[in-house]
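Q:
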Amino acid sequence: MKYFIPEWDDRVDPKYDFINDSHSSEHEKDPIKNDVYTWDVFGIDNVPLDGVLVSRIIIMQNKKKYEWALKEGIHKVLRLPQNFEIMGDCGAFGYVEEKVPPYDPIETLKYYRDLGFNYGVTVDHL
Numbered sequence: 035m036k037y038f039i040p041e042w043d044d045r046v047d048p049k050y051d052f053i054n055d056s057h058s059s060e061h062e063k064d065p066i067k068n069d070v071y072t073w074d075v076f077g078i079d080n081v082p083l084d085g086v087l088v089s090r091i092i093i094m095q096n097k098k099k100y101e102w103a104l105k106e107g108i109h110k111v112l113r114l115p116q117n118f119e120i121m122g123d124c125g126a127f128g129y130v131e132e133k134v135p136p137y138d139p140i141e142t143l144k145y146y147r148d149l150g151f152n153y154g155v156t157v158d159h160l
């Protein structure tokens, strides 16, 4: 079995000021590029996971992050090596109230390919 951790913008500001309870200027300027993930803190070989799951509904909510992933690839955005597995899904939890999913299968395959995912999960619906 492999364990994939969901990526929900679980980053931390490495220069957070705990005394004054405030973010650093780097975080305020660009948290996507300046904050760090658990693998940045502990090292990729020291985290107890086999991959990362990225939900489309989440990444699409942040236009800047999505465009960066489209241009540079999802591995670069997450600062992970190409051989580290990243799986994509659509994030049905985000459109559970809709009658039909907002994505179609062909468009979803293109999305997975264009962003460079290692694996992609079919369009799902709750």
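Every number in the working numbering is 34 more than the matching position in the sequence shown, counting from 1.
Glycine included, every Cβ here is placed at the ideal spot set by N, Cα and C.
1. Could you tell me whether the Cβ atoms of Leu149 and Gly107 are closer together than 8 angstroms?
2. Measure the CB-CB distance between Tyr153 and Met121 and report whether it falls below 8 angstroms.
3. From the DSSP output, in three-state form, read off Ile157 for me.
4. Can you tell me where the beta strand (DSSP E) with Ile39 in it begins and where it stops?
5. From this set, Ile53, Lys110, Lys97, Asp74, which residue's C-alpha is nearest Phe151's C-alpha?
6. Among residues of its own chain, excluding the 5 on either side of Ile91, which ones have a beta-carbon nearer than 7 angstroms to its beta-carbon?
7. Can you check DSSP and say which residues form a bridge with Leu83?
8. What does the Cβ neighbour count give for Tyr146, buried or exposed, with the cut at 16 atoms within 10 Å?
9. Spatial neighbours of Leu104 within its chain, please: CB distance less than 8 angstroms, with the 5 preceding and 5 following residues excluded, ordered by chain position.
10. Rounded to a whole number of angstroms, what is the C-alpha to C-alpha distance between Trp73 and Asn80?
11. Give the C-beta separation of Asp69 and Asp47 to the nearest angstrom, bearing in mind that I take them to be a contact with Cβ-Cβ under 8 angstroms.
12. Of the residues Val88, Tyr137, Glu60, which one's Cα is nearest the Cα of Tyr50?
A: A quick look at the data gives this:
1. As a position in the sequence shown, residue 149 is number 115, starting the count at 1. As a position in the sequence shown, residue 107 is number 73, starting the count at 1. Yes, these two residues count as a Cβ contact at 8 angstroms.
2. By one-based count along the sequence shown, residue 153 stands at place 119. By one-based count along the sequence shown, residue 121 stands at place 87. In this structure, Met121 lies closer than 8 angstroms to Tyr153 by Cβ.
3. Along the sequence shown, one-based indexing puts residue 157 at 123. Per the sequence presented here, residue 157 reads as Val, with Ile not at that position. Three-state DSSP puts Val157 in coil, outside helix and strand.
4. Against the sequence shown, residue 39 aligns to sequence position 5. Counting along the chain, the beta strand (DSSP E) containing Ile39 begins and ends at 38-40.
5. If you number the sequence shown from 1, residue 151 lands on position 117. Looking at the Cα atoms, Lys110 is the closest of the given residues.
6. As a first step, residue 91 must be located in the sequence shown, where it is residue number 57. The answer, listed in chain order, is Cys124, Gly125, Gly128, Tyr129.
7. Taking the sequence shown and counting its residues from 1, one reaches residue 83 at position 49. For Leu83, which the question treats as bridged, DSSP gives no partner whatsoever.
8. Within the sequence shown, residue 146 is the residue found at index 112, counting from 1. Tyr146 is buried by the Cβ-count criterion.
9. As a first step, residue 104 must be located in the sequence shown, where it is residue number 70. The answer, listed in chain order, is Asp148, Leu149.
10. Against the sequence shown, residue 73 aligns to sequence position 39. Against the sequence shown, residue 80 aligns to sequence position 46. When rounded, the distance between both Cα atoms is 8 angstroms.
11. Looking up residue 69 in the sequence shown gives position 35. Looking up residue 47 in the sequence shown gives position 13. About 5 angstroms; that satisfies the 8 angstroms criterion.
12. For the purposes of this step, residue 50 is taken as the residue at position 16 of the sequence shown. It is Glu60.
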